[in-house]
Amino acid sequence: MSFEDKEAELGILLTRIQNEPEDWHELYEQLRLRLNELKAYGMPLPQDLVEFERDLEAEMEARQESYRRHARMREVATRRARR
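No gaps in the numbering here: position 36 of the sequence shown is 81 in the working numbering, and each next residue is one more.
(1) What does the Cβ neighbour count give for residue 76, buried or exposed, with the cut at 16 atoms within 10 Å?
(2) Just the C-alpha distance for residue 86 and residue 125, rounded to the nearest angstrom, thanks.
(3) Once DSSP output is grouped into helix, strand and coil, what is the label at residue 118?
(4) Residue 86 lies in the alpha helix (DSSP H); which residues open and close that run?
(5) Consult DSSP for residue 127 and reduce its assignment to one of helix, strand or coil.
Shown next as structure tokens:
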């Protein structure tokens, strides 16, 4: 597959991330897969997409921490409300 084909796939994924924010975790994984394919084929990685991937990863980590924090808060509230 050519670099242009991979670029087109990445463009489609980025459009889907914009249009389908509820599915962005799955789309993020697909984006990482495509970028890893480029790396594996020795193709150049566009710097803006490298930074985008890094930002997405940070966003994923922040969301995961937020989910954990909210779960802990719900647990305490539920446990304390029963008393």
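Just so you know, even glycine gets a beta-carbon here, dropped at the ideal spot from N, CA and C. Given the structure is predicted, the values throughout are model-derived calculations rather than measurements.
So, from the data block:
(1) Note on residue 76: 16 or more other CB atoms within 10 angstroms of its CB, so buried under the neighbour-count rule.
(2) Approximately 55 angstroms, taken between the alpha carbons.
(3) Looking at residue 118 - three-state DSSP - the assignment turns out to be helix.
(4) For residue 86, no alpha helix (DSSP H) run applies, since DSSP gives it neither H nor E.
(5) Secondary structure of residue 127 (DSSP, three-state): coil.
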